[in-house]
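Numbering-wise, the sequence shown is residues 0 to 460 according to numbering that gives the first Met the number 0.
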Amino acid sequence: MKRINKTTYELIPPQEMIQFMLKYSFFHKQVTQIPESIIVTKEIDFDIMKKAINIEIERNDCLRLRFFKEKGRIKQYFLDEYKLDTIDILNFKSEHERVDTLTADARKPIKMLKGETFRIKFFRTHDNRCGIYINIHHLVMDNAAVFTFFSDLFAVYDCLKDGASMPKPLGKYEDIIKKELAYASNPENFKREEQAYREFLEKDGEPLYLGVEGPKFLEAERKKKKNPDIKAPSLFDPIHDKAELTKYSLSYDDSQKVFDYMKENGISGECLVQLAMRLHVSKINNRHNDTYFIVLCPRRRTVSEKRAGGTLAAPLPWRIVLPEETTFREALEKMSELQFWAFRHMDYPYLEYRALQQKMYNYSAAAGASTMMFSWFPLEADTMNKWEYEFEGYSLGRYIMVLYTFAMKDAHSGCLKFSCMHRTKFVSVEDIEAFHQGTANALKLGVENPEMTLGEIIDRI
Numbered sequence: 000m001k002r003i004n005k006t007t008y009e010l011i012p013p014q015e016m017i018q019f020m021l022k023y024s025f026f027h028k029q030v031t032q033i034p035e036s037i038i039v040t041k042e043i044d045f046d047i048m049k050k051a052i053n054i055e056i057e058r059n060d061c062l063r064l065r066f067f068k069e070k071g072r073i074k075q076y077f078l079d080e081y082k083l084d085t086i087d088i089l090n091f092k093s094e095h096e097r098v099d100t101l102t103a104d105a106r107k108p109i110k111m112l113k114g115e116t117f118r119i120k121f122f123r124t125h126d127n128r129c130g131i132y133i134n135i136h137h138l139v140m141d142n143a144a145v146f147t148f149f150s151d152l153f154a155v156y157d158c159l160k161d162g163a164s165m166p167k168p169l170g171k172y173e174d175i176i177k178k179e180l181a182y183a184s185n186p187e188n189f190k191r192e193e194q195a196y197r198e199f200l201e202k203d204g205e206p207l208y209l210g211v212e213g214p215k216f217l218e219a220e221r222k223k224k225k226n227p228d229i230k231a232p233s234l235f236d237p238i239h240d241k242a243e244l245t246k247y248s249l250s251y252d253d254s255q256k257v258f259d260y261m262k263e264n265g266i267s268g269e270c271l272v273q274l275a276m277r278l279h280v281s282k283i284n285n286r287h288n289d290t291y292f293i294v295l296c297p298r299r300r301t302v303s304e305k306r307a308g309g310t311l312a313a314p315l316p317w318r319i320v321l322p323e324e325t326t327f328r329e330a331l332e333k334m335s336e337l338q339f340w341a342f343r344h345m346d347y348p349y350l351e352y353r354a355l356q357q358k359m360y361n362y363s364a365a366a367g368a369s370t371m372m373f374s375w376f377p378l379e380a381d382t383m384n385k386w387e388y389e390f391e392g393y394s395l396g397r398y399i400m401v402l403y404t405f406a407m408k409d410a411h412s413g414c415l416k417f418s419c420m421h422r423t424k425f426v427s428v429e430d431i432e433a434f435h436q437g438t439a440n441a442l443k444l445g446v447e448n449p450e451m452t453l454g455e456i457i458d459r460i
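Here's what the structure looks like:
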């Protein structure tokens, strides 16, 4: 084994969750990486941007994180320094060429046990815009960290161009790791959270899987196993993990109505968008009102943590029963209450919660009742140090979950944008298209008629 003359650390619970995901994708290691790009209209001097990248590696310590295996366990440490000698500059002649080229890189596994934790490329688009692409291992960054990386990188670049002082320092991921490991070392912390989650699960009984493909998957499982009472089917299949990334947007006018409603009523995008999605899911699943999503929480409380790289996000269970006589406004209030509850208990590791579910409901290792994992990215036009930008993610081609949906305000178009990574064996493109249309209809009806009941909205979507 290679000798490491640095302070080494165990993986923290959010990283353990990422590593656990690999157990459900035997052959396709790219499922634990994040490939994303920022495209800007302003001209970039790529020589200066390369200097900015290397300064960012100094400032953002997670970019110096490295991994090794010891007695079967993944451990980590930080390099004192690291620089990129060269960065490829790609010139694309068409949009199709850009997407195909970067998607091919997105699907190429990062060799994180051989010293590679990320890949960065510069590019020019066919319409003469400039772009920066990063493909980074999920043990190194979550999506919040990727946005911090881009934002700070543009700030560093501007300082180099203007001859100004560097932006204020970023928070240290190493400090976060120490804090997380200290919390996890005290078993009493987990005992308190376990009781809260046990009460959460007991309140409405065993949850029921309501998929965006409708009841056909659950019914097939019940028939196959000759058990009509199955509520949590076998969702994980490490062999049939082929996936597509299907994207769609709400119209500009309807998007503005959604954003205005959020602002005027103090409602988060997480709550509003999820509610609309849940109404469609309910409609196509015999109008069952017990909907259960896993929502990815950034878990960044302090200013230092919000300005830090690294993986800190964790999945939180958002299960709620919404009777059809509830109004849209009332349902959003209940969703907000659930959001606050989840945030109060976000330090309970998802793997502990999963083990608790298995114990309570006798789930198999492959069973799960949640419809999807969901993320809301709170991006605004000024997120990237005042640069006008277009953000884009790329398809991994394989995935471990049936469905992962993320939504955000697209700073480029001003529209509400959705992306769905879905396993095609279970969820088709047609299922996603119907999901989009139902969600869009529910959003429009709800924000225009907040006193309408959920049942009335379901009748009309």
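The beta-carbon is built from N, C-alpha and C at its ideal position, and this holds for glycine as well.
Cβ-based neighbour list, residue i, same chain, cut-off 6 Å, excluding 5 preceding and 5 following
{"i": "S36", "result": "G130, Y132 and E391"}
{"i": "K424", "result": "H239"}
{"i": "F463", "result": "Since the first and last residues shown for the chain are 0 and 460, residue 463 lies out of range."}
{"i": "V320", "result": "D203, N288 and D289"}
{"i": "E450", "result": "T326"}
{"i": "K49", "result": "I86"}
{"i": "L217", "result": "Y208 and P232"}
{"i": "R277", "result": "T290"}
{"i": "T234", "result": "The identity of residue 234 in the sequence shown is Leu, whereas the question assumes Thr. Counting only Cβ-Cβ distances below 6 Å, and skipping sequence neighbours, we find G367 and V401."}
Euclidean distance between Cα positions of residue i and residue j
{"i": "E243", "j": "D174", "result": "37 Å"}
{"i": "L180", "j": "Y347", "result": "13 Å"}
{"i": "M13", "j": "D46", "result": "According to the sequence as given, residue 13 is Pro; it is not Met. Approximately 36 Å between the Cα atoms of the pair."}
{"i": "K223", "j": "K256", "result": "45 Å"}
{"i": "G309", "j": "D458", "result": "44 Å"}
{"i": "T40", "j": "M372", "result": "32 Å"}
{"i": "H95", "j": "P34", "result": "17 Å"}
{"i": "L274", "j": "M16", "result": "26 Å"}
{"i": "R97", "j": "N440", "result": "33 Å"}
{"i": "R353", "j": "P314", "result": "10 Å"}
{"i": "P108", "j": "A406", "result": "25 Å"}
{"i": "F91", "j": "R118", "result": "18 Å"}
{"i": "S427", "j": "S164", "result": "51 Å"}
{"i": "K385", "j": "D157", "result": "10 Å"}
{"i": "E324", "j": "G454", "result": "6 Å"}
{"i": "E115", "j": "I135", "result": "9 Å"}
{"i": "K70", "j": "L10", "result": "14 Å"}
{"i": "I456", "j": "E329", "result": "14 Å"}
Residue from the options with nearest C-alpha to residue i
{"i": "H27", "options": "T245, Q75, M407 and D236", "result": "D236"}
{"i": "L331", "options": "K282, D430, K49 and E269", "result": "E269"}
{"i": "V280", "options": "S233, Q436, K246 and R128", "result": "Q436"}
{"i": "R2", "options": "F199, Y76, K41 and E15", "result": "Y76"}
{"i": "R286", "options": "V39, K5, I460 and D99", "result": "I460"}
{"i": "K470", "options": "L350, E201 and K305", "result": "Outside the shown range of the chain, which is 0 to 460, sits residue 470, and nothing can be said about it."}
{"i": "F189", "options": "L350, Q273, M165 and S303", "result": "L350"}
{"i": "K5", "options": "D44, D99 and D79", "result": "D79"}
{"i": "A154", "options": "A365, T382 and S418", "result": "T382"}
{"i": "K246", "options": "Y403, I43, G454 and D44", "result": "Y403"}
{"i": "W340", "options": "E324, P316, E387 and K225", "result": "P316"}
{"i": "V302", "options": "H421, S427 and K167", "result": "K167"}
{"i": "V139", "options": "F66, W386 and D430", "result": "F66"}
{"i": "E468", "options": "E263, E432, E429 and I431", "result": "Residue 468 is absent from the model: the chain starts at 0 and stops at 460."}
Beta-carbon gap between residue i and residue j smaller than 7 Å
{"i": "H137", "j": "T7", "result": "no"}
{"i": "Y251", "j": "A231", "result": "no"}
{"i": "L311", "j": "R300", "result": "no"}
{"i": "K408", "j": "L378", "result": "yes"}
{"i": "G465", "j": "I283", "result": "Because the chain here runs from 0 to 460, residue 465 falls outside it and cannot be looked at."}
{"i": "L249", "j": "M261", "result": "no"}
{"i": "L159", "j": "K120", "result": "no"}
{"i": "S369", "j": "Y291", "result": "yes"}
{"i": "L200", "j": "M345", "result": "no"}
{"i": "I73", "j": "Q18", "result": "yes"}
{"i": "P206", "j": "R318", "result": "yes"}
{"i": "S254", "j": "C414", "result": "yes"}
{"i": "L444", "j": "A307", "result": "no"}
{"i": "S374", "j": "L295", "result": "yes"}
{"i": "I43", "j": "E389", "result": "no"}
Beta-carbon contacts of residue i that lie in its chain and below 7 Å, excluding the five residues immediately before and after
{"i": "F434", "result": "V211 and H279"}
{"i": "K68", "result": "L112"}
Close-in-space but distant-in-sequence residues of the same chain around residue i (CB under 8 Å, 5 per side omitted)
{"i": "Y362", "result": "A231 and Q356"}
{"i": "P227", "result": "R221"}
{"i": "T452", "result": "E323, E324, T325, T326 and F327"}
{"i": "T124", "result": "I38, F91, E94, R97 and G130"}
Cutoff 7 Å: residue i Cβ touching any chain D Cβ
{"i": "T31", "result": "In the structure shown, chain D does not exist; there is a single protein chain."}
Indicate whether the contact test is met: 3 or more Cβ pairs, each with one atom in the region 177-197 and one in the region 387-405, closer than 8 Å. no
Please determine if the region 185-201 and the region 77-86 are in contact, where contact requires at least 3 C-beta pairs separated by less than 8 Å. no
Should the region 148-155 be called in touch with the region 56-69, which here means at least 3 C-beta pairs below 8 Å? yes
Does the structure place the region 101-108 close enough to the region 45-61 that three or more beta carbon pairs sit under 8 Å? no
Between the region 324-338 and the region 158-178, do at least 3 Cβ pairs fall closer than 8 Å? no
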